[in-house]
Each structure stands twice: as C-alpha cells, then as structure tokens.
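Count along the sequence shown from 1, then add 18; that gives the number in our numbering. All C-beta atoms in this analysis are idealised placements derived from N, C-alpha and C, irrespective of residue type, glycine included.
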Amino acid sequence: MALLEVENLKIYYFTREGAVKAVDDVSFSVDRDETLGLIGESGCGKTTAVFAIMRFVAPPGRIVGGKIIFDGNDIITMSNEEIRLLRGKGIAMVFQAAQNALNPVMTVGKQITEVILEHERITKEESWERAKRQLELVGIGSERVKNYPHEFSGGMKQRVMIAIATACNPRLLILDEPVTGLDVIVQRQLLTLINKLRKELRLPIIFITHDLSVIAETCGKVAVMYAGKIVEQASTVSLYENPVHPYSQALIRAYPSIKGEKRGLKSIPGAPPRLINPPIGCRFHPRCPYAVNICREEEPIFRKKNGHLVACHSIK
Ligand SMILES: Nc1ncnc2c1ncn2[C@@H]1O[C@H](COP(=O)(O)OP(=O)(O)OP(=O)(O)O)[C@@H](O)[C@H]1O
Ligand SMILES: [Mg+2]
C-alpha cells in the first residue's frame, strides 16, 4: 500500500450561486520515496485537494465523498487529536504565498522553535539548536536565527518556511506553488534545495504548480488537473515526451522548458469553465480541438495508454 492514497475525492464549496465542484472524483497516490507533481491552471482545484489531505477544508467547503488513506488510516474520519498529531509529525505543508505568512515581529528562530516545541518534548535550548540546524539544512547560515523576516529576500523566506515545515521530521511534505512569483534564478536555487531535501531526508513530496517546467527535475510522476478533475497521470519524463491528453499537450506547448521562454496558457484558446455548472461530458471539450459528439455527452473514464492513465474519448 502506498504512503498516501486518495480515492474518488470530492470537495464542493456550497455557495449562494450553487455548489462549486472544485475537486470532483480525484484519485492519486504517493509512495514512500516518491515525488508527485500536481499541475493545472489557476482554479482547477489543486490547493483544495491538498487542503483535504491536511483536513483544512472548512465551510463553505465540504468533503462530500472519497477516502484519503495515509499509512493505512483514513484522514477524513480521524479525530481532532489524531489530526493534530498528523499535522505535527505526519504531513507538513508549505502554503501558497507562504512567505507572507511569517510573523513580521518575531525572529525566524523563534518561529521555528515554536513549531518544534508544540510537537516535541524537548527543552527550549534544544529547540534553538534544532532551529539552527534547520536553517543550515535549507542553506541559511545559523547565525541568522535571530533575524526578522524583513531581513530576508522572498526566496530566503521561502527557505525559512521549508525549514519550519520540515522541523518535526514529517513523513510527507506538501509544497503549494513554492517557487511561484520568484525570479528564475531564485526558482532554480529553491528547486535544487527541494531536490536535496528529498534525497537527504528521503522525504516524499507533493509539489503543486501551474508551471509544468518547474517540476521536470523535482517530480518523478505528474497528475494533470483540469477543472476539478485529473485528466492524465504519468511519469514526468513520459508526460514531457509523449503527452496523451489534449490538455496535457497544450500545457507542454505552453511551458517548453525551464530555461525557455514561457508562452503561458494563452496558447490554449478559451478559459477554464466555472465549476458550478461545468460542461457535461468531458470538461475540456469546449477548448479541445479534437472534440467529437461523445465528448459533449459522456464523461470519459480512465484508460491506459503508453503507461499513462488518461481520461479522454479520443484515445484508441
Ligand atoms: N472559499 C471558497 N468558496 C467558494 N469557492 C471557492 C473557495 N475556495 C476556492 N473556491 C473555488 O474552488 C476552485 C478551486 O480552487 P483552488 O484554490 O483549489 O484552485 P487552485 O488550482 O489551487 O488555483 P491556483 O492555481 O489559483 O492556486 C476554484 O474555482 C475556486 O474559485
Ligand atoms: Mg492554489
């Protein structure tokens, strides 16, 4: 059994206008020693899906179906005490735009020790030693333990967030858009760090991004999301070389390589649908150049093609 198994997960936001089907029947797994990239355009449900893994979904959002099995236990039915332990030592997450979440009036060392002291029975002195070790681990000199967030650049703050997230030795790390908004050189440095942590700590990671080029070196496998659903899952190399789903093909055309110029998703005509009344059949059909009648009528089921799992009617 994999470390994490997400099965048929459904998360809806119940708004006045109707139910937003943000995550609609999504399944994936993460093995020990594996890094999964979760990619897709803004609003396709990436953050919502991982929020459920941390049991952070709150009204108007609700998990309306599915299972999230971590190390044999279903997170959806865990007690609050079990969830507290899970968030401390089981699964850690660096939130989207997390750099801004650092407390501006507290030193970074203090912020790391607070997390450690909440979850571990060790002395204050020991927690400061650990905080320094954590800073070194993420490539920040331990002498900076008494610095305040404003004394760090955006990329360095993101390193601090990773130091906090890994301070209690989690068994799974979730990174939500960890390099978005940073310049390309800083992005590269952070990706190198993430790779180093993955290897040194043997830490499985779920890496979320809307930019396919940044996962090439980090993730062994990828799940491509579109409008609340996964449309294709494959090894990263194989997805790059041979994308099967028309949406994956468009994504790869949009983000040719980490160094190359990014054309962005404007290269796919149209916009993702609203998730209150998503298109019937395949949700991608209004933007798909290969759409035929069945795509407008029937939801495609997953099939295997060249070792990929793909939900598309047009594959043979
Ligand atoms: N609190 C909320 N109330 C209603 N709808 C919401 C709420 N939070 C998110 N949504 C909707 O759920 C869908 C999925 O949002 P989510 O933030 O999970 O997407 P995402 O893939 O992480 O996007 P991004 O790349 O912009 O971070 C979107 O259509 C969004 O508008
Ligand atoms: Mg998000």
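- DSSP places Tyr31 inside the beta strand (DSSP E), whose first and last residues are 22-33.
- In this structure, Ile140 sits away from Val75, with a CB-CB distance that is not shorter than 7 Å.
- Short of 7 Å from the beta carbon of Pro318, and not among the five residues preceding or following it, lie these beta carbons of its own chain, in chain order: Cys300, Ala329, Cys330, His331.
- When secondary structure is reduced to three states using DSSP, Gly83 falls in the strand class.
- Under the three-state reduction of DSSP, Lys107 is assigned to helix.
- Rounded to the nearest whole angstrom, the C-alpha separation of Leu191 and Pro222 is 6 Å.
- When secondary structure is reduced to three states using DSSP, Lys334 falls in the coil class, being assigned neither helix nor strand.
- Distance from the CA of Ala289 to the CA of Lys323, rounded to the nearest whole angstrom, comes to 27 Å.
- Near ligand 2, residues with a Cβ at less than 7 Å from any of the ligand's heavy atoms are Lys64, Thr65, Gln114, Asp194, Glu195, Ile226; the list follows chain order.
- At the C-beta level, Val262 and His326 come within 7 Å of one another.
- Look at Ser145 here: in three-state DSSP terms it is helix.
- Counting only the Cα atoms, Asn213 lies some 8 Å from Glu235.
- In the DSSP assignment, Ala272 is bridged to no other residue.
- A distance criterion of 6 Å places the beta-carbon of Tyr31 in contact range of ligand 1, judged by its closest non-hydrogen atom.
- Going by DSSP, Gly172 is part of the alpha helix (DSSP H) stretching over 172-183.
- Judged by DSSP secondary structure, Arg206 falls within the alpha helix (DSSP H) whose first and last residues are 202-218.
- Secondary structure note for Phe69: its alpha helix (DSSP H) is the uninterrupted segment 64-71.
- Apart from the 5 residues on each side of it in sequence, Val48 sits with its Cβ closer than 7 Å to the Cβ of Ala20, Leu21, Leu22, Leu54, Leu190, Pro222, Ile224 in its chain, given in chain order.
- In the DSSP annotation of this structure, the continuous segment of the alpha helix (DSSP H) that includes Ser256 starts and ends at 254-259.
- The residues Lys64, His228, Val242, Met243, Tyr244, in chain order, have a CB closer than 7 Å to that of Gly58 in the same chain once the five nearest residues on each side in sequence are set aside.
- Secondary structure at Ala309: coil, using DSSP grouped into helix, strand and coil.
- The region 149-159 and the region 99-111 do not touch, with fewer than three beta-carbon pairs separated by less than 8 Å.
- For His326, the enclosing beta strand (DSSP E) stretches over residues 326-329.
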